[in-house]
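Participant: In the order they appear, the protein sequences are chains Y and A. The first sequence begins at 11 in my numbering and counts up by one. The second sequence begins at 39 in my numbering and counts up by one. Positions of the beta carbon are idealized from the N, C-alpha and C atoms, including for glycine.
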Amino acid sequence: MRSVAVVGASLAGLYAARALRDQGFDGTLTIVGSERHRPYDRPPLSKEFLAGRMTEADLALETDDEDLGAEWRLGVRASGLDRRDRRVLLADGTSITADGVVLATGATARTLPGDSPALEGVHTLRTLDDALALRADLVPGRRLVVIGAGFIGAEVASTARELGLGVTIVETAPVPLARALGGEMGTALGALHEERGVGLICGVAVQALTGGDRVDGVLLADGRRLDADVVLVGIGARPEIGWLEGSGVELGDGVLCDSGGGTSLPGVVAVGDCAAWFDPGLGHHHRVEHWTGAVQRPAATAATLLSGGTALAPAQPPPYLWSDQYGRRIQFAGHTRPGDSVTVEEGDVAARSFLAVYRREDRPVAVLGVDQVRQFTRWRRRLGTVNTG
Amino acid sequence: MIPACALAALPRGEAFRLDTVEPPIAVFHTDDGELYAVDDTCTHQDASLADGWLEGCEVECPLHASRFDLRTGEVDAPPAKLPVRTHGVVVEDGTVYVVPSDLPPNLPPGARARTA
Chain Y
11 MRSVAVVGAS LAGLYAARAL RDQGFDGTLT IVGSERHRPY DRPPLSKEFL AGRMTEADLA
71 LETDDEDLGA EWRLGVRASG LDRRDRRVLL ADGTSITADG VVLATGATAR TLPGDSPALE
131 GVHTLRTLDD ALALRADLVP GRRLVVIGAG FIGAEVASTA RELGLGVTIV ETAPVPLARA
191 LGGEMGTALG ALHEERGVGL ICGVAVQALT GGDRVDGVLL ADGRRLDADV VLVGIGARPE
251 IGWLEGSGVE LGDGVLCDSG GGTSLPGVVA VGDCAAWFDP GLGHHHRVEH WTGAVQRPAA
311 TAATLLSGGT ALAPAQPPPY LWSDQYGRRI QFAGHTRPGD SVTVEEGDVA ARSFLAVYRR
371 EDRPVAVLGV DQVRQFTRWR RRLGTVNTG
Chain A
39 MIPACALAAL PRGEAFRLDT VEPPIAVFHT DDGELYAVDD TCTHQDASLA DGWLEGCEVE
99 CPLHASRFDL RTGEVDAPPA KLPVRTHGVV VEDGTVYVVP SDLPPNLPPG ARARTA
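1. For V278/Y, write down the residues that DSSP places opposite it in a beta bridge.
2. Is any beta-carbon of chain D found at less than 8 Å from that of W332/Y?
3. Looking only at its chain, what residues have a beta carbon closer than 6 Å to the beta carbon of S44/Y, apart from the 5 residues adjacent to it on each side?
4. Consult DSSP for V265/Y and reduce its assignment to one of helix, strand or coil.
5. Against chain Y, with Cβ distances strictly below 8 Å, would L145/A count as a contact?
6. Assuming W424/Y is part of the alpha helix (DSSP H), what are its boundary residues?
7. Could you spell out where the beta strand (DSSP E) holding I245/Y opens and where it closes?
8. Using 8 Å as the threshold, is the segment 14 to 34 of chain Y in touch with the segment 114 to 131 of chain Y, meaning 3 or more CB pairs across them?
9. Between R380/Y and chain A, is any beta-carbon pair separated by less than 8 Å?
10. I need the straight-line Cα distance from H203/Y to C99/A, nearest angstrom please.
11. Go ahead and label T104/Y buried or exposed: buried means 16 or more other beta carbons lie within 10 angstroms of its beta carbon, across all protein chains shown.
12. If I measure Cβ to Cβ from R307/Y and keep anything under 6 Å in the same chain, skipping five residues before and after, which residues do I get?
13. Determine the extent of the beta strand (DSSP E) in which Y9/Y is found, giving its start and end residues.
14. Counting only the same chain and skipping the five closest in sequence on each side, list residues whose C-beta sits under 8 Å from that of G357/Y.
15. Is there at least one Cβ from chain Y nearer than 8 Å to D89/A's Cβ?
16. Given a cut-off of 8 Å, decide if L101/A and A88/A are closer than it, judged by their beta-carbon atoms.
17. With distances taken from CA atoms, which of R338/Y, Y330/Y and Q335/Y is nearest G394/Y?
18. Which residues in chain A have a C-beta closer than 8 Å to the C-beta of E58/Y? List them in chain order.
19. When you measure from the CB of G124/Y to every non-hydrogen atom of the ligand PLP, does any distance come out below 7 Å?
20. Quick one: what does DSSP say R390/Y is sitting in, helix, strand or coil?
21. Quick check on DSSP: helix, strand or coil for Q341/Y?
22. Identify the contact partners of S86/A in chain Y, using a Cβ-Cβ distance below 9 Å as the criterion.
23. How big is the Cα-Cα spacing for L173/Y and G270/Y?
24. Would L408/Y and A143/Y qualify as a contact pair, given that the criterion is a beta-carbon distance under 8 Å?
25. Whose C-beta lies closer than 6 Å to the C-beta of C43/A among residues of the same chain, with five residues either side of it excluded?
26. So is L71/Y in contact with chain A if we call contact Cβ pairs under 8 Å?
27. Whose C-alpha, out of R46/Y, V185/Y, V166/Y and A238/Y, is nearest the C-alpha of V155/Y?
28. Any contact between the segment 67 to 83 of chain Y and the segment 30 to 44 of chain Y? By contact I mean 3 or more CB pairs, one from each, below 8 Å.
29. Is the distance from the Cβ of G110/Y to the Cβ of L322/Y below 8 Å?
30. Give the residues from the segment 47 to 64 of chain A that approach chain Y closer than 7 Å (Cβ to any Cβ), ordered along the chain.
31. With a threshold of 16 other CB atoms inside 10 Å of the CB of M64/Y, please say whether the residue is buried or exposed.
32. If you reduce the DSSP assignment to three classes, tell me which class G399/Y lands in.
33. Determine the burial state of A67/Y: buried for a count of at least 16 other Cβ atoms within 10 Å of its Cβ, exposed for fewer.
34. Using a threshold of 8 Å, state whether the C-beta atoms of R206/Y and R171/Y are closer than that.
35. Chain A partners of R391/Y, CB-CB under 8 Å?
36. So is R31/Y in contact with chain A if we call contact Cβ pairs under 8 Å?
See the structure below:
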């Protein structure tokens, strides 16, 4: 393999490029990124960076002396893939032909359904530019309505509260984070908002945003109206795969991959938020949208590409995520689904410092920690051994 | 030289966080019986290395899995970019003492003082 194009210059793309070099690939390496920025770390965008405690330079993922020997094509979007000669078409009319292609285009923040005109003060948060725009709008004393009580919404609510805004969260589901954490623990985490004076309205959909040029309110399906100077729409992300339609790469909820990142096309692999790898433990394809997946999986992805698909895909550790809210450190690892039992094994939910273990037929399948880092580390290791070893 | 803990209170495979100093220091007792001290705060983002995973002469950060060599403080695995500062360790009469480094620490950007 003499040339590889990595499409996507964020965490998964950078780690894939590093893995290719680490595994001995010394050919031409081109990295394409739709944003104008060098690879940067996204998790602080809703936390330390949004709060003003981290600078843009602090977000850089590359080290000062790092040299991947790559050609960087930043600020240009990939628009298509021609399978015949494995040619990546770019929005500026140029293209890159390569022996191998890594698809790492990530995901895009979902927006509210319907094509309501763009109101000033309405934000999503995915990119550095999104964070800069949101940060400029988080002025103390303003009223922020967060639509969606997922991790991004919860973190922005926490940061905005810290900055001195009045904050209300609106969530369509009856309990926040129920799909990720189950109802009981979702309720426990929802209480973190309320004890810091952040309003949490669950089980109600958003009808419409109101305002002239700028948003001034959020109309709920039950007829209520919330005043708002700023709105954050935090309702998840969709994989950035539209550009691959018609390319012959098999798509579902993400680029469908085997358990090592191989796609339906030879010489094309995918990793990160845009990729749905087959999970042998779950028995189906599954898109892992967490930072850790984009760090851990590129090594296997590079091996799949360089070996022509003959490398044995190593078992992947259970998905892991963390979140910082109101000074509490929340960590979760594993997969849970309705019916799993949940037991608190350390600490106390009421004291907001606890470790809860999820079990299915007595087998631990997931663990949640709130301010229980040391115990969580041990449990996370144990889950990895039990479920992949 | 700062007293940290009794050696008997720090079994092999365990870590002790010395939080009477600023920034806090983590003392590790490896499975091989060696003692090492490094700054407790990961250089990447605010996390306590004493809460991390100790394996051989390496500690893995509990938050983002950066790995540091306890002997040198060097980064063995990203996302951390800067080494942790190492400190001397002395055992006298069953007590573990830390000899703090006089070099400046590499604290993560945005780190806030821990309350716990």
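Facilitator: Reading off the structure:
1. V111/Y
2. Protein chains in the displayed structure are Y and A, and chain D is not among them.
3. R87
4. strand
5. no
6. Residue 424/Y cannot be examined here, being either before or after the span of chain Y that is shown, 11 to 399.
7. Unbroken run through I245/Y: none, as it is neither H nor E.
8. yes
9. Rather than Arg, the amino acid found at residue 380/Y in this sequence is Val. Chain A, which has no Cβ nearer than 8 Å to the Cβ of V380/Y, makes this no.
10. One Cα belongs to H203/Y, the other to C99/A, and the distance between them is close to 28 Å.
11. exposed
12. The beta carbon of R307/Y sits closer than 6 Å to the beta carbons of V281 from its chain, once the five residues preceding and following it are set aside; these are given in chain order.
13. Here chain Y has residues from 11 to 399 only, and residue 9/Y is not among them.
14. S363, F364, L365, V380, D381 and Q382
15. Chain Y, which has a Cβ nearer than 8 Å to the Cβ of D89/A, makes this yes.
16. With respect to L101/A, A88/A sits apart: the two C-beta atoms are not nearer than 8 Å.
17. Closest by C-alpha distance to G394/Y, out of R338/Y, Y330/Y and Q335/Y, is Y330/Y.
18. Q83, P147 and G148
19. The ligand PLP is not part of the structure shown, which contains no ligands of any sort.
20. helix
21. strand
22. V383 and R384
23. Approximately 43 Å, taken between the alpha carbons.
24. Residue 408/Y is absent from the structure shown; chain Y starts at 11 and stops at 399.
25. F54 and V134
26. yes
27. A238/Y
28. yes
29. no
30. none
31. M64/Y should be labelled buried.
32. Low confidence applies to G399/Y: its pLDDT is 36, below 50, so where it sits in the model is not reliable enough to give any reading.
33. exposed
34. yes
35. W91
36. No, its Cβ sits nowhere closer than 8 Å to a Cβ of chain A.
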